[in-house]
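Okay, so here's the structure we're looking at.
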Amino acid sequence: MFTENEDLRDADIIVNRLGDPNGKKGLLKSSKRKFEFDGVIYLSTLLAYFNK
Numbered sequence: 587m588f589t590e591n592e593d594l595r596d597a598d599i600i601v602n603r604l605g606d607p608n609g610k611k612g613l614l615k616s617s618k619r620k621f622e623f624d625g626v627i628y629l630s631t632l633l634a635y636f637n638k
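Residue numbers (our numbering): 587 to 638.
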């Protein structure tokens with residue numbers, strides 16, 4: 587996990603926010619491999635990504 591002021595070169599996924607199902611959605615900024623989400627990152631989404 588990184589904060590916004592750190593070097594993000596080693597980050598696997600970069601989003602502008604995690605997203606809220608009833609509010610603002612997150613946007614994918616970059617990822618090291620294919621990552622799809624509906625604007626809200628759930629634990630199950632991350633587990634699926636990192637368990638591949």
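Positions of the beta carbon are idealized from the N, C-alpha and C atoms, including for glycine.
This structure is a prediction, so every number in the text was calculated from the model and none was measured.
Taking the continuous alpha helix (DSSP H) assigned at residue i, which residues delimit it?
| i | result |
| --- | --- |
| Leu629 | Leu629 to Phe636 |
Bridge partners for residue i per DSSP, in chain order?
| i | result |
| --- | --- |
| Leu614 | Val601 |
Taking the C-alpha atoms as reference points, what is the distance between residue i and residue j?
| i | j | result |
| --- | --- | --- |
| Tyr635 | Gly609 | 24 Å |
| Thr631 | Leu613 | 14 Å |
| Gly579 | Asp596 | Outside the shown range of the chain, which is 587 to 638, sits residue 579, and nothing can be said about it. |
| Ile599 | Phe621 | 8 Å |
| Glu590 | Lys611 | 18 Å |
| Leu558 | Val626 | Any answer about residue 558 is impossible in this case: the structure gives the chain only from 587 up to 638. |
Applying the criterion that 16 or more other CB atoms from any shown protein chain within 10 Å of the CB defines a buried residue, is residue i buried or exposed?
| i | result |
| --- | --- |
| Phe588 | exposed |
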